[in-house]
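Protein chains in written order, with this note's numbering: chain A, 2 to 464; chain B, 2 to 464.
Structure below.
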C-alpha cells in the first residue's frame with residue numbers, strides 16, 4: 002500500500018469524525034455582518050486555530066479592525082509551499098421562516114437519488130469547503146506523522162462582508178503569508194460528476210452616478226419639452242452604453258483585450274455546456290452579449306457593462322406628471338485580463354460626462370473594483386492538481402472560467418505576487434446565501450480525498 | 002352714469018362683503034380626496050347653491066357617485082348664454098407644519114409692495130377664482146335687478162380628484178347644461194399687470210409600461226453580458242424616445258400636427274416672455290425641445306414625450322450586482338390639436354413592442370388621456386372679452402397658450418360641443434396645491450370688475 006492509498010483509507014475510515022467536526026463548526030453562528038454575532042465569529046476563529054494546533058501547526062488568531070484572522074503554518078517539509086485560503090464567516094440566515102431546519106443546527110438529509118445533504122448555514126460556503134482541506138491534512142498527519150508538502154492556512158472572518166480587513170492584513174503580515182501558490186476552495190464543480198479548476202475570472206469596476214437637470218422637479222404641463230428631463234437623460238446614457246451588437250460602446254473599452262487563447266478555447270469546446278439550457282433555465286433564449294461569440298465566451302472571457310438599478314421621478318401608484326430633476330443608476334463593468342479597472346472607470350466617466358448638456362450636472366460615486374486574472378493552463382502545479390482530481394473523480398477535470406470576480410485574489414496577486422489555484426467541490430444547487438443551504442456528503446467525502454491526492458501530487462516524492 | 006359704471010361702483014362699494022363671503026367659503030374644508038371631509042364638500046355645495054338662489058338663480062345641489070354638483074340657471078334674458086364652470090373642492094393641506102397660518106382660517110396679509118394677500122387653502126384655486134364671477138353677477142343684480150346676459154353656472158366638487166363624476170353627469174344632464182360657450186376661471190394672468198385669455202392647451206396620453214427579461218433577477222458574475230438586462234432594455238427604449246434634435250422619435254407621432262397659426266405667432270411675439278429667465282428660474286439654460294423652435298412654441302404648441310419615473314433593479318444603499326429582470330417607467334405625451342390620443346397611445350405601444358427582443362416581454366397600463374384644443378383668435382366673444390379685460394387692466398390682453406392639459410374641457414367639447422374661454426386672475430406665485438396658498442386682493446377686486454365688464458361686453462345692449 003502506498004502512503005497515498007493509506008491516507009485515503011484513513012480519510013474514509015474517519016469520515017464520521019470529520020463530519021462531526023463540520024457540525025461543530027456550523028453550530029457556531031459566525032455571521033460576520035451582524036454585530037450581535039461578533040463573539041461567535043471569534044469563537045469560530047479560535048475553534049479553527051485549535052484544529053490547526055492539533056495538527057502541529059503553528060497557529061494563531063490575529064486581531065484586525067474587524068473579525069480576526071486565523072493563520073497556521075504546518076511543519077517545514079520539502080516541496081512547494083502552498084497557502085490555503087478559506088473563510089469561517091457565513092451569510093445572515095434571513096428569512097428564517099423559509100428554512101426547513103434550523104440554520105445553525107446541522108443535520109444529514111438522505112435524498113432519493115442516494116446523495117445525502119449536509120444541511121446548515123455555511124455547510125457549503127465556506128465551512129464545508131475549507132474543512133475538507135483541514136481533514137485531508139489530518140489524514141496525512143495521522144498516517145505519515147507529517148504533511149507531504151509545506152502547508153500554511155489563512156482563514157478570514159469577513160469574506161461575506163467584503164473582506165475590509167484583508168488588504169491591511171496582507172500589508173502587515175505579507176511576509177508571513179507568502180507562499181509559492183494560493184489554494185482557494187470557494188468554487189464549484191463543473192457538474193455533479195466532473196471536478197473543475199477555475200483558471201480565469203473576470204474583474205470588475207462598480208460605479209453609481211446621478212444626473213441633475215433643473216434645480217427642482219417641474220410640471221410637464223408647464224415645462225414639458227423645453228426643460229431637460231433627468232430620467233430621459235439617464236435613459237439616453239444607459240441606452241448608449243451598449244451597441245446594437247451587444248458590445249460596450251464606450252470608446253477605448255476594448256483596448257488591451259485579447260482574443261481567447263487557443264488552449265482555453267479547446268478546453269471549453271469539450272466542456273459539456275448547453276448554452277440553450279443555460280439561458281432557457283432562466284427564461285431566455287437569445288444571448289444578449291457580443292454577436293458572433295459563444296455564450297461561454299460572453300460570460301467568461303468578454304468584458305461587459307451591466308446596469309444594476311435605476312431610479313428617478315415618480316415610481317409609486319398612479320401617475321404624477323413631473324419632469325424629474327434627478328435620476329441615478331448603479332452600474333458595473335465585468336473586466337477581462339488586459340483591462341485596468343481605474344482606466345475603465347475613467348473611460349466610463351468621460352463617456353457619461355460627454356453626454357451631459359452644459360446646463361446639467363452629473364456626480365459619480367466609486368464602489369469596489371478588482372482585476373481580472375487568467376492562469377496559464379500548462380502550469381506545473383495546475384497540471385498536477387488536474388491529474389489528481391481526474392484520478393479521484395474518474396472524469397476529465399474541467400479547466401473552466403467564471404464570469405464572476407474574486408477581489409481577494411487580486412489583493413494576493415497585487416500585494417504578494419501570488420497566483421492562485423481555485424479548486425472547490427460545491428455544486429450549483431447548494432443554495433449558498435439562501436435558506437436551506439446544503440453541501441453534498443459526496444462533495445465532503447470525495448473533497449477530502451481530492452485534497453489528499455492533490456497534496457500527494459504536489460509533493461516531490463509523488464509522481 | 003352708464004349701467005356698467007354703476008355696476009362697477011357697486012362692486013367696489015361692496016368689496017368687503019364680497020371678501021367676507023370668500024372667507025366663509027374658505028372656512029369650509031372641502032378637501033375632495035379625503036373621505037373625512039365628505040360632509041364639508043356637501044356643505045360647500047349647499048353654500049354655493051344658497052348664494053345662487055339669493056341671486057334669483059334656479060339653483061340645485063345634485064348628487065353624483067362622488068361629491069355633488071351645483072347647477073344654477075340665471076334669469077332668461079337676451080344675448081349669449083354662458084355656462085360658467087368652477088370647482089369648490091380643494092387640495093389637501095399636508096404638510097400642515099409648513100403653513101404660516103391655519104389653512105381653513107382665512108386672513109389678510111398686507112405686503113410691503115402694497116398688495117394684500119388673501120391667505121387660505123382654496124383662496125386662489127378655485128374658491129377665489131369662482132367667487133369673483135358670482136360677485137360680478139351679484140353687482141349686476143343689485144344695480145339692474147337682473148343680469149345682462151343669460152348665465153348658468155356649474156360647480157363641481159371633484160376637480161382635485163380628477164373629475165370622475167363629470168363625464169357621467171354631462172351624459173345625464175347635458176341638455177340642461179348646454180350653452181353658447183363655457184367660461185372657465187381656473188387660469189393665471191400673464192403677469193402681475195397683464196390680463197390673459199388662454200386660447201390653446203395641450204392634450205395628453207399617459208402610460209405605464211414594464212419590461213420583463215429573465216424569469217428572475219440574475220447575478221452579473223454568472224450571466225453578465227449574455228442575459229438580457231431589463232434596466233438596460235428600458236434605458237434603450239427611453240433613450241430612443243427622443244431624437245438628438247429634441248423631437249419625439251416615434252414613427253407617425255407628428256402626423257396631423259400643424260405649424261403654429263400666424264395669428265398666434267404674432268400674438269406670442271409681442272408677449273413679454275423671457276425664455277432665458279423662464280429656464281433660468283429653474284436652473285436651466287438650454288431648451289431641450291425641438292431644435293429651431295422657440296421655447297414658447299416648445300411648451301405651448303408642440304407635442305412632447307416626458308418620462309415621469311423609472312424603476313428597476315437595486316436602488317438602495319450600497320451595491321448589488323444583479324441583472325434586473327424587470328424594469329418599468331411612467332410616461333406621458335403632451336399633444337397638440339390634430340393628434341388623436343388613442344392613436345398616439347397605439348403608436349407608442351407599437352414603438353416599444355418593436356424594441357422588445359423575442360425572448361422578453363412588455364406590458365402596458367393605460368392612464369388618462371385628453372384632447373388638445375386651440376381656439377380661433379378672432380371669435381366674437383373672445384374679442385369682446387379681450388377688450389373688456391384690456392379696459393379694466395389698461396394693458397393689452399395676452400392671448401396665451403398653456404402647455405398643460407384641461408381634460409374637463411375635452412369632456413364639454415366632446416359631449417356638448419361647447420367651446421371654452423379661459424379667463425382667470427391667479428398669479429404665478431399663488432402656491433396653489435402648496436402650503437400658504439394665497440390670492441391677491443387685487444386679483445379678487447379687479448377680477449370682480451373684469452367679469453362685470455365681460456358680462457356687459459357680451460350683452461347685446463353694450464357695445
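Using N, Cα and C, we set each Cβ at its ideal position, and we do this for glycine too. Since the structure is predicted, the reported quantities are computational estimates derived from the model, not experimental observations.
_Against residue 403 (chain B), what residues of chain A qualify as contacts under a CB-to-CB distance less than 9 Å, listed in chain order?_
What residue 403 (chain B) touches in chain A: 222 and 223.
*Which residues of chain A have a Cβ atom closer than 7 Å to the Cβ of residue 216 (chain B), listed in chain order?*
Simply 283 and 284.
*With 8 Å set as the bound, which would you pick, yes or no: does the beta-carbon of residue 77 (chain B) sit closer than that to a beta-carbon of chain E?*
This model lacks chain E altogether; the protein chains it does include are A and B.
*Does the separation of the CB atoms of residue 153 (chain B) and residue 75 (chain B) fall below 8 Å?*
Contact flag set, yes.
*Rank B:86, B:39, B:330 and B:321 by C-alpha distance to the C-alpha of residue 318 (chain A) and give the top, closest one.*
Residue B:330 is the option with its Cα nearest to residue 318 (chain A).
*Which of helix, strand or coil does DSSP assign to residue 98 (chain A)?*
Helix at residue 98 (chain A).
*Helix, strand or coil at residue 376 (chain B) according to DSSP, with G and I counted as helix*: Residue state, collapsed to three classes: coil.
*Are there 16 or more other CB atoms within 10 angstroms of the CB of residue 446 (chain A), so buried, or fewer, so exposed?*
Around the beta-carbon of residue 446 (chain A), 16 or more other beta-carbon atoms lie within 10 Å, marking it buried.
_Under the three-state DSSP convention, the category residue 4 (chain A) falls into_ = For residue 4 (chain A), the secondary structure class from DSSP, reduced to helix, strand or coil, is helix.
*Mind checking if residue 320 (chain A) is an interface residue toward chain B, Cβ cutoff 8 Å exclusive?*
For residue 320 (chain A), the closest Cβ of chain B is nearer than 8 Å.
*residue 295 (chain B) by DSSP, collapsed to three states: which one?*
In this structure, residue 295 (chain B) counts as coil in the three-state DSSP scheme.
*Helix, strand or coil at residue 85 (chain A) according to DSSP, with G and I counted as helix*: Correct three-state label for residue 85 (chain A): strand.
*the stretch 154-165 of chain A: which residues have C-beta closer than 8 Å to a C-beta of chain B, in chain order?*
Considering only beta carbons, no part of the stretch 154-165 of chain A lies closer than 8 Å to chain B.
*List the residues of chain A whose Cβ lies closer than 7 Å to the Cβ of residue 288 (chain B), in chain order.*
What residue 288 (chain B) touches in chain A: 227.
_I need the boundaries of the alpha helix (DSSP H) containing residue 174 (chain A), first residue and last residue._
DSSP places residue 174 (chain A) in the uninterrupted alpha helix (DSSP H) bounded by 167-178.
*Using the C-alpha atoms, what's the distance from residue 302 (chain A) back to residue 228 (chain B)?*
Using only the alpha carbons, I get a separation of about 15 Å.
*Complete beta strand (DSSP E) runs within the stretch 29-75 of chain B (minimum length 3 residues, chain order)*: The stretch 29-75 of chain B contains these whole beta strand (DSSP E) runs: 59-63 and 70-74.
*Beta-carbon of residue 239 (chain A) versus every beta-carbon of chain B: anything under 8 Å?*
Residue-level contact by beta carbon holds for residue 239 (chain A) and chain B, with a gap shorter than 8 Å.
*In DSSP terms, what residue 402 (chain B) is bridged to*: Beta-bridge pairing links residue 402 (chain B) to B:201.
*Can you tell me whether residue 293 (chain B) is buried or exposed, with buried defined as 16 or more other CB within 10 angstroms of its CB?*
By the neighbour-count rule (16 or more Cβ atoms within 10 Å), residue 293 (chain B) is not buried but exposed.
*Taking the C-alpha atoms as reference points, what is the distance between residue 100 (chain B) and residue 101 (chain A)?*
Using only the alpha carbons, I get a separation of about 54 Å.
*Determine the extent of the alpha helix (DSSP H) in which residue 141 (chain A) is found, giving its start and end residues.*
For residue 141 (chain A), the enclosing alpha helix (DSSP H) stretches over residues 128-145.
*asked:* Strictly under 8 Å for the Cβ-Cβ distance: is residue 307 (chain A) near chain B by that measure?
replied: The beta carbon of residue 307 (chain A) falls within 8 Å of a beta carbon belonging to chain B, placing the residue at that interface.
*Cβ neighbours of residue 344 (chain B) in the same chain (closer than 6 Å, five flanking residues each side left out)*: Answer for residue 344 (chain B): no residue qualifies.
*Tell me the DSSP bridge mates of residue 251 (chain A)?*
Residue 251 (chain A) pairs with nothing; no bridge assigned.
*Assuming residue 160 (chain A) contacts residue 166 (chain A) under a Cβ cut-off of 8 Å, what Cβ separation, rounded to an integer in Å, is found between them?*
In fact, because the Cβ distance is near 10 Å, the residues do not count as touching under 8 Å.
_Taking a contact to mean a Cβ-Cβ separation below 8 Å, would you say residue 460 (chain B) touches residue 80 (chain B) in this structure?_
For residue 460 (chain B) and residue 80 (chain B), yes; Cβs fall inside 8 Å.
*Label residue 464 (chain B) either buried or exposed according to how many other C-beta atoms from any shown protein chain fall within 10 Å of its C-beta, with 16 as the threshold for buried.*
Reliability of the predicted coordinates at residue 464 (chain B) is poor, the pLDDT of 37 falling under 50, and no value is obtained from them.
*Under a Cβ-count criterion, where at least 16 other Cβ atoms within 10 Å of its own Cβ denotes burial, should residue 314 (chain A) be classed as buried or exposed?*
Classification for residue 314 (chain A): buried.
_Within 8 Å of any Cβ in chain A, is that where the Cβ of residue 310 (chain B) sits?_
Taking 8 Å as the CB threshold, residue 310 (chain B) lines the interface with chain A.
*asked:* Using a Cβ-Cβ cutoff of less than 8 Å, which residues in the same chain neighbour residue 277 (chain B) once the five nearest sequence positions on both sides are dropped?
replied: The residues are 286.
_By the three-class DSSP mapping on this structure, what secondary structure does residue 384 (chain B) have?_
In the three-state scheme derived from DSSP, where H, G and I count as helix and E and B as strand, residue 384 (chain B) is classed as helix.
*Nearest-angstrom Cα distance between residue 433 (chain A) and residue 309 (chain B)?*
Cα-Cα distance, rounded: 38 Å.
*Going by Cα to Cα distance, which pick from B:320, B:288, B:295 and B:254 is closest to residue 306 (chain B)?*
The residue with the shortest Cα to Cα distance from residue 306 (chain B) is B:254.
*asked:* DSSP three-state label for residue 190 (chain B), please.
replied: Coil.
*Of all the CB atoms in chain B, is at least one closer than 8 Å to the CB of residue 399 (chain A)?*
At least 8 Å separates the CB of residue 399 (chain A) from every CB of chain B.
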